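Residue numbers for the sequence shown, in the numbering used here: 3 to 420.
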Amino acid sequence: MAEYTLMNKNHPVVSFRYDRDIHAVVKIVDIHDLRYAPVALADSKGIVTRRALNDWWRWRAIPPSRHQIQQLLDSLNLNSTLELAEENFGLSLSDRYWINDNKNPLKWEDVNFFDNDFTDDLGMLTLGQESSGNPNLMSPNSTLGGDLNKKWKIVNGTRFLVKGGIGSTQQEVLNEVVATALYNRLLSRNDYVPYFLFEENGRIYSACENMLGQDEELVTAYDILSTRKKPNSMSDYDFLVDTYKSLGLKNVEEGLAKMFTCDYILANQDRHWRNFGVIRNVETLEFTRLAPIFDNGTSLWCHAYNILAEDSYIAKPFGPKGMAPDKQLSLFRDYSWFDRDKLVGFPLEAKEILSHGNDGIQARLDVIESRIERNIGGVQRHIEKLAIGQKEPLHVKRDKVLQIPRMNDSVSRTERER
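In structure tokens, the structure reads:
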């Protein structure tokens, strides 16, 4: 039986007894300072239960739904992804939480992966590659979430997240680059995380820099909403907006409209509550801004077996079971940022990016191009309806079309950084 303390950098939060045989918290020992606790860990009365801490810990680990997860565990001779989390003190590159051993206490400065280097051997395995020898499990890849094969990698001192795809087309990789091309045209640079192509061992992946700055953490919308009870009379969208504003966040409606409108254009089928959120400073505890848009791989009908027959999908995350994309789009009303002229040529640009994929993608390029064009038209019609409803012209910016770097530029950038 071990005794640990959940830390936020060097701030102790809660101490507990932990059974490594069953990989679970068995008793809360002491509460230190819940101001620095993960959002939603404590209940409305300020109580941290054993169950809540175990739930948080299980979400800390690589999910059992990860592609090729059993192959990863077998190669490491492990039975559970929680064993991986135990080996790296639960450290992550998405926040500043970690588990300190009370018998052999350490300092944040000595163990964190923002400042301390880590090897690439475990990352090779979590990305689905071969790795020789015994990988060093003291790595942020021991707690890297999500279902796709991925890894954190240090390139010239910078932390990059490298992601693969699934299935025969691996289209998720190219979709991230298509999304970046869209954001380059429509949004401000701070609104999104740019992805580029990264080649390693003869394979192409998508990659992006860590979105976090000094002393920052990503807090998902799921965790934010878990801190409040939604009134029965309030919709999911209104509850989200109200909750964000209660944190002191600015430009909430505009920020959400940007993300979900782009999701509509790209037919993003997986914008769930855990892949968007807000940024918090872990020292001042101030919620500073909406998180930049990230995780766009499940877009452009990449999982449709027959793209002609599987056009429709359920958009997430609003409503008990999601809703039709057009209905979800109707939730958003702030389009002062939208410039239709900047999208001239984007369907063709998306097609050109996707044309670098394999034969499985080639066969669907024309259909994807036409459907992106259709979805852009859907946004324009929505804006026109809003203007009619307001009985006055809706302000929509019109400027010249921006020139966007092509895929070859991204590959060249990758080669320079390698």
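The beta-carbon is built from N, C-alpha and C at its ideal position, and this holds for glycine as well. No experiment lies behind these values; they were computed from the predicted model shown.
Distance CB(residue i)-CB(residue j) smaller than 7 Å
i: D225; j: V41; result: yes
i: F115; j: P142; result: yes
i: H34; j: V50; result: no
i: R342; j: L388; result: no
i: D238; j: F320; result: yes
i: A183; j: L268; result: no
i: N10; j: V284; result: yes
i: D149; j: S96; result: no
i: A4; j: Y20; result: yes
i: I206; j: L302; result: no
Near the ligand NAD: residue i beta-carbon under 6 Å from a heavy atom
i: Q72; result: With respect to the ligand NAD, the structure offers nothing, as it holds no ligand at all.
Contacting residues, own chain, Cβ-Cβ under 7 Å from residue i (five flanking each side not counted)
i: C304; result: T171, Q173, E174 and N177
i: I378; result: I267 and L345
i: L193; result: It should be pointed out that residue 193 corresponds to Asp in this sequence rather than to Leu. Only Y185, K260, P294 and I295 meet the Cβ criterion.
i: G250; result: F289
C-alpha gap between residue i and residue j, whole angstroms
i: P2; j: N308; result: Here the chain has residues from 3 to 420 only, and residue 2 is not among them.
i: L189; j: F340; result: 8 Å
i: L242; j: D265; result: 17 Å
i: N360; j: M261; result: 28 Å
i: G135; j: P65; result: 24 Å
i: F200; j: V179; result: 11 Å
i: Q271; j: D76; result: 31 Å
i: T245; j: R230; result: 8 Å
i: L356; j: L367; result: 7 Å
i: H69; j: G166; result: 10 Å
i: S424; j: T121; result: Coverage of the chain is limited to positions 3 through 420, which leaves residue 424 absent and any answer about it impossible.
i: A223; j: E111; result: 29 Å
i: W59; j: T300; result: 26 Å
i: I281; j: I390; result: 36 Å
i: S235; j: L43; result: 26 Å
i: R52; j: D103; result: 18 Å
i: D32; j: A352; result: 54 Å
i: F168; j: F278; result: It is worth fixing the name first, because residue 168 is Ile in this sequence and not Phe. Cα to Cα, the separation comes out at about 22 Å.
i: V113; j: K252; result: 34 Å
i: R22; j: S314; result: 46 Å
i: P107; j: V254; result: 41 Å
Candidates the options: closest to residue i by CA position
i: R37; options: D45, V31 and I30; result: D45
i: R291; options: R276, K247 and S235; result: K247
i: R198; options: A87, S332, N298 and P233; result: It is Phe, not Arg, that sits at residue 198 in the sequence shown. Cα-wise, what sits closest to F198 is N298.
i: E256; options: T286, V369, L287 and Y337; result: Y337
i: G147; options: T160, N104 and L86; result: L86
i: H384; options: R373, A259, N102 and R276; result: A259
i: K318; options: H358, A352, L331 and H274; result: H274
i: W61; options: A39, K109 and R276; result: R276
i: R348; options: G324, D123, I168 and R376; result: In the sequence as presented, Arg is not what sits at residue 348; that position holds Phe. The shortest C-alpha separation from F348 is found at R376.
i: D328; options: Q364, V369 and V381; result: V381
i: D123; options: M140, V113, D117 and K252; result: M140
i: T160; options: A54, I30 and N118; result: N118
i: T145; options: A365, K29, Q330 and I71; result: I71
i: R133; options: L78, P107, E89 and I156; result: Before going further, note that residue 133 is Ser rather than Arg in the sequence given. Ranking L78, P107, E89 and I156 by Cα distance to S133 puts L78 first.
Spatial neighbours of residue i in its chain, beta-carbon cut-off 6 Å, leaving aside the 5 residues before and after
i: K153; result: G125, T128, L129, N143 and V164
i: V195; result: C210, M213, P294 and F296
i: G362; result: S170 and T171
i: H397; result: Confidence at H397 is low in this model, with a pLDDT of 44, below 50, so its placement is unreliable and no value can be given for it.
i: W100; result: M9, F91, G92 and L93
i: A63; result: T83, L84 and A87
i: E354; result: none
i: Q73; result: none
Buried versus exposed, by CB contacts within 10 Å (16 or more), residue i
i: K393; result: Its pLDDT being 44, under 50, K393 is placed unreliably in this model, and the value from its coordinates should be taken loosely. Burial call: exposed.
i: I316; result: exposed
i: I24; result: exposed
i: A326; result: exposed
i: Y6; result: buried
i: E312; result: exposed
i: T83; result: buried
i: S208; result: buried
i: V221; result: buried
i: P395; result: Since pLDDT at P395 reaches only 40, below the 50 mark, its modelled position is unreliable, and the value read off the structure follows with that caveat. The residue in question, P395, is exposed, as its Cβ has fewer than 16 Cβ neighbours within 10 Å.
i: E386; result: exposed
i: A54; result: buried
i: Q216; result: exposed
Beta-carbon contacts of residue i that lie in its chain and below 8 Å, excluding the five residues immediately before and after
i: N203; result: Q131
i: G48; result: L36
i: K399; result: Per-residue confidence for K399 stands at a pLDDT of 47, beneath the threshold of 50, marking its modelled position as unreliable; the derived number appears in the next sentence. Counting only Cβ-Cβ distances below 8 Å, and skipping sequence neighbours, we find S338, W339, F340 and D341.
i: E218; result: I281, R282, N283, V284 and T290
Contact with chain B by residue i, beta-carbon distance below 7 Å
i: K344; result: Among the chains in the structure shown there is no chain B, since it carries only a single protein chain.
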